[in-house]
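Trainee:
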Amino acid sequence: MKQYTRPLICLAVLIALPWIVQHPYPQHLMILILMWAAIGSGWNLISGYTGQVLFGAAAFFGTGAYTAALLVNKLELSAWWGLPLGAVTSVLLAFPFGWISFRLRGPYFALVTLALNEIMRSIATEWESLTEGMVGLLVTQTWVSKVPYYYVALVLAAGSIVAMEFITRSRLGYYFVSIREDQDAAESLGINTVFYKMVSLCVSACMIGLAGALYTNYMGFIDPKVVFALHDISIVAILVGIVGGVGTIYGPLVGATIMVAVMEGFRSGAFGLLHILANITGSPLVATLTKYVTQAHLLAFGVLVIMVILYLPNGIMGDWPILRKYLFFWKRGSA
Amino acid sequence: MAYFRVSDITKYFGGLAAVNRVTFQVEQGQIYGLIGPNGSGKTTIFNLINAYFPLTHGEIFFEGQMISGLKTYQICRRGIGRTFQVVKPLKRMTVMDNVIASAFLHSRTKSQAVDLAEEMIEFCGLVPHKLKLAKSLPIASRKRLEITRALATKPKLLLLDETAAGLNPHEMDEAIGLIKKIRDAGVTIIIVEHIMKVIMTISDRILAINHGMAIAEGTPSEVASDPEVISAYLGEDFRAES
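Protein chains in written order, with the numbering used here: chain A, 646 to 980; chain R, 4 to 245.
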């Protein structure tokens, strides 16, 4: 049980957090982090463990999100039904695409998911009678406070991580990694690679779809540009996985924390510091700089990925032993 | 009905017949050797048996049932295991995990798979390497890992592809010992090998092929004295005067 001590402490802290941090803005960031941890886990299962790179996480995310929103707007059900049903529709979407593309090897799956992302966005944009197109869909939020959403997100993230822990220790986990390492060898060991790749994709789609449905409930508004965004959803899902550590269980949580920090840090101008600085100094230079910095988060993602790939190719969790050595060395040096 | 029978198999790559109308049969408990010069189609025959490539023509029977047309993983489930000439370890997994992954095939629970994997690692003498990453192993141990992993799928028929290539004489003797041990455990073996010392000492029967065609079949001494085989290996000048 010793191996679970740290995760359990971590979980206890996360459960207690809304009492400690009462301000809604950090709570909002925490919800985003937990949501991204769930998406990252989904991405990591199919791409990190099974080795089939998913470029279109937003296809499943948006499907989950739209399922929840349409349940309210068309069927007048609660948007919370979108969580189970969003997961189901995402899996239904994943199934035919995986079934076709997993017969081939190499980059075909990655390309198909990239295309799927764009196809879904086009459908959501063009099919105005159903989705209202670019106008988007509104959902009345259930709670004013962020705390209930926080706990739903926490259940989702913790559930994803527990599921990953369970899967990686079971037959499925061994089969997924075998497929990643050598598909021919896996096949000649009696593993039905097409079938197990499908299983992996469906579980991934399920996790990502759940996160999408949560997003609709939490944000209260979705449009195709937001939930089917290639750069703000699909790419960030990949970055969460790569930065945190491909093929590690806690990597997505760490990656999500860093990505949300970077994303929000830039978007809010170093959490509002630059705006304050601009007001104090009154210098137009700082104000202009602030404007640029708030737009620079995509640039920061690029730099971050380059740094991670150069210095920590297995991500923060994957290279934790190396990273810890550096940190320890640094501490000893400063002492 | 023979235990394992390959009937008239042919494989074309474009216009080239890599394997051309080869027929042979293997009895239960035998070690059956395949020999031939480089590029003669030995490995292609293995790739046809386990459906890595589809057959152009012909049929393969195992335990009285036709297995040609099945998928690779289905053939493994029927009880035909194989190793690869160019070893394919699951590099970023430990030796133990490599074997567990294949032991799952005939295990219902993980603890059964772990037990089976332990047993096979012990059988093949990989215990000292158990917790090392597969990519860190030297070639002799990687070849042994291939065999261990194939054995963990509980094969009735094992296809060994150049298990002794690249080994030093001492390692080769160990490999021969291991192959005999596997045979004694009741597994039928088909082996492709270049090293005559290995194939002549362990095979019960041998099939020689050249340019994808069977040129001789029989006991090791019969095949070794066959004029066709000698000319295939050494050229026309050495054709035995008979």
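A virtual CB, placed ideally from N, CA and C, is assigned to each residue, including glycine.
Just the C-alpha distance for Ser979 of chain A and Phe821 of chain A, rounded to the nearest angstrom, thanks.
Mentor: Confidence at Ser979 of chain A is low in this model, with a pLDDT of 47, below 50, so its placement is unreliable and no value can be given for it.
Trainee: Quick check on Met69 of chain R: does DSSP put it in helix, strand or coil?
Mentor: It is a strand residue.
Trainee: Is the CB-CB distance between Tyr711 of chain A and Ala769 of chain A below 8 Å?
Mentor: Against a cut-off of 8 Å, the Cβ pair of Ala769 of chain A and Tyr711 of chain A comes out as a contact.
Trainee: Which residues in the same chain have their Cβ closer than 8 Å to the Cβ of Ile665 of chain A, if we skip the five residues on either side of it in sequence?
Mentor: No residues qualify anywhere along the chain.
Trainee: Using the C-alpha atoms, what's the distance from Glu773 of chain A back to Leu722 of chain A?
Mentor: Whole-angstrom Cα-Cα distance: 20 Å.
Trainee: Which partner residues does Val195 of chain R have in the DSSP bridge list?
Mentor: Bridge partners of Val195 of chain R: R:Leu37, R:Asp164.
Trainee: Hey, how far is the Cα of Gly61 of chain R from the Cα of Tyr76 of chain R?
Mentor: Taking the straight line from one Cα to the other gives about 20 Å.
Trainee: Ignore the nearest five residues each way along the sequence and tell me which others in Gly20 of chain R's own chain have a CB closer than 6 Å to its CB.
Mentor: It is worth fixing the name first, because residue 20 of chain R is Ala in this sequence and not Gly. If we look at Ala20 of chain R and ignore the five residues flanking it on each side, its Cβ neighbours are Gly215.
Trainee: For Trp726 of chain A and Ala713 of chain A, what's the separation of their Cα atoms in angstroms?
Mentor: Rounded to whole angstroms, Trp726 of chain A to Ala713 of chain A spans 7 Å at the Cα level.
Trainee: Kindly confirm or deny that the stretch 834-845 of chain A and the stretch 670-684 of chain A touch, where touching means at least three C-beta pairs closer than 8 Å.
Mentor: Too few Cβ pairs lie closer than 8 Å, so no.
Trainee: If we count the other Cβ atoms within 10 Å of its Cβ and call it buried at 16 or more, is Lys970 of chain A buried or exposed?
Mentor: That one is exposed.
Trainee: By Cβ distance below 8 Å, which residues in the same chain neighbour Ile179 of chain R in space, the five residues on each side in sequence not counted?
Mentor: Cβ neighbours of Ile179 of chain R beyond the five flanking positions: Ala167, Val201, Thr204, Ile205.
Trainee: What's the gap between the Cα of Ile880 of chain A and the Cα of His109 of chain R?
Mentor: Approximately 40 Å between the Cα atoms of the pair.
Trainee: Do the stretch 135-147 of chain R and the stretch 184-196 of chain R make contact, defined as three or more Cβ pairs closer than 8 Å?
Mentor: No contact exists between the stretch 135-147 of chain R and the stretch 184-196 of chain R.
Trainee: Take the Cβ of Val780 of chain A as the centre, count every other Cβ of all protein chains shown within 10 Å, and call the residue buried at 16 or more, exposed below.
Mentor: When all chains shown are included, Val780 of chain A counts as exposed.
Trainee: Kindly indicate which three-state DSSP category Gln697 of chain A falls into: helix, strand or coil?
Mentor: Gln697 of chain A falls in the coil class under three-state DSSP.
Trainee: Using a threshold of 8 Å, state whether the C-beta atoms of Lys91 of chain R and Thr59 of chain R are closer than that.
Mentor: For Lys91 of chain R and Thr59 of chain R, no; Cβs fall outside 8 Å.
Trainee: Quick one: residues in its chain with C-beta nearer than 8 Å to the C-beta of Asp11 of chain R, no 5 flanking neighbours on either side, listed in chain order?
Mentor: Here the set comprises Arg24, Val25, Thr26, His60, Gly61, Glu62.
Trainee: I'd like the span of the alpha helix (DSSP H) that includes Tyr236 of chain R, first residue to last.
Mentor: Per DSSP, Tyr236 of chain R belongs to the alpha helix (DSSP H) from 230-237.
Trainee: Does Gly830 of chain A get closer than 8 Å to chain R when you measure Cβ to Cβ?
Mentor: Here the sequence assigns Ala to residue 830 of chain A, which means Gly is not the residue at that position. Yes, because at least one Cβ of chain R sits closer than 8 Å to the Cβ of Ala830 of chain A.
Trainee: Per DSSP, Leu737 of chain A forms a beta bridge with which residues?
Mentor: Bridge partners of Leu737 of chain A: none, in fact.
Trainee: Quick one: Cα of Ala802 of chain A to Cα of Ile883 of chain A, how far?
Mentor: Computed Cα separation, rounded: 17 Å.
Trainee: Shorter than 7 Å, the distance from the beta carbon of Phe873 of chain A to the closest heavy atom of the ligand ZN, or not?
Mentor: This structure does not include the ligand ZN; it has no bound ligands of any sort.
Trainee: DSSP on Asn862 of chain A, reduced to helix/strand/coil?
Mentor: DSSP places Asn862 of chain A in helix when its eight states are reduced to three.
Trainee: If you draw a straight line from the alpha carbon of Arg81 of chain R to that of Arg8 of chain R, how long is it in whole angstroms?
Mentor: Cα to Cα, Arg81 of chain R sits roughly 15 Å from Arg8 of chain R.
Trainee: Mind checking who Ser10 of chain R pairs with in its DSSP beta bridge?
Mentor: In the DSSP output, where bridge partners are listed per residue, Ser10 of chain R has R:Glu62.
Trainee: Would you mind reading off the limits of the beta strand (DSSP E) that contains Ala219 of chain R?
Mentor: Run containing Ala219 of chain R: 216-221, per the beta strand (DSSP E) assignment.
Trainee: From Val872 of chain A to Gly685 of chain A, what distance separates their C-alpha atoms?
Mentor: So the two alpha carbons sit approximately 15 Å from each other.
Trainee: Using 8 Å for Cβ pairs, my map puts Thr46 of chain R next to Asp164 of chain R. What's the rounded Cβ distance?
Mentor: At roughly 6 Å, the Cβ-Cβ gap stays under 8 Å, so Thr46 of chain R and Asp164 of chain R are in contact.
Trainee: Identify every residue that forms a DSSP beta bridge with Ala20 of chain R.
Mentor: For Ala20 of chain R, which the question treats as bridged, DSSP gives the partners R:Tyr15.
Trainee: Distance check for Asp829 of chain A and Phe16 of chain R, CA to CA, integer angstroms please.
Mentor: For Phe16 of chain R and Asp829 of chain A, the distance between alpha carbons rounds to 20 Å.
Trainee: When you compare only the Cα positions, how much space is there between Leu699 of chain A and Ser849 of chain A?
Mentor: Spanning the two alpha carbons is a distance of roughly 10 Å.
Trainee: For Ala906 of chain A, which three-state DSSP category applies?
Mentor: Reduced to three states, the DSSP call for Ala906 of chain A is helix.
Trainee: With H, G and I counted as helix, E and B as strand and the rest as coil, what does DSSP make of Thr26 of chain R?
Mentor: If DSSP states are grouped into helix, strand and coil, Thr26 of chain R belongs with the strands.
Trainee: Flag this pair as yes or no: are the beta carbons of Thr708 of chain A and Ser746 of chain A separated by less than 8 Å?
Mentor: The answer is no: Cβ separation not under 8 Å.
Trainee: Got a sec: is the Cβ-Cβ distance from Ile764 of chain A to anything in chain R below 8 Å?
Mentor: Cβ-Cβ to chain R under 8 Å: no for Ile764 of chain A.
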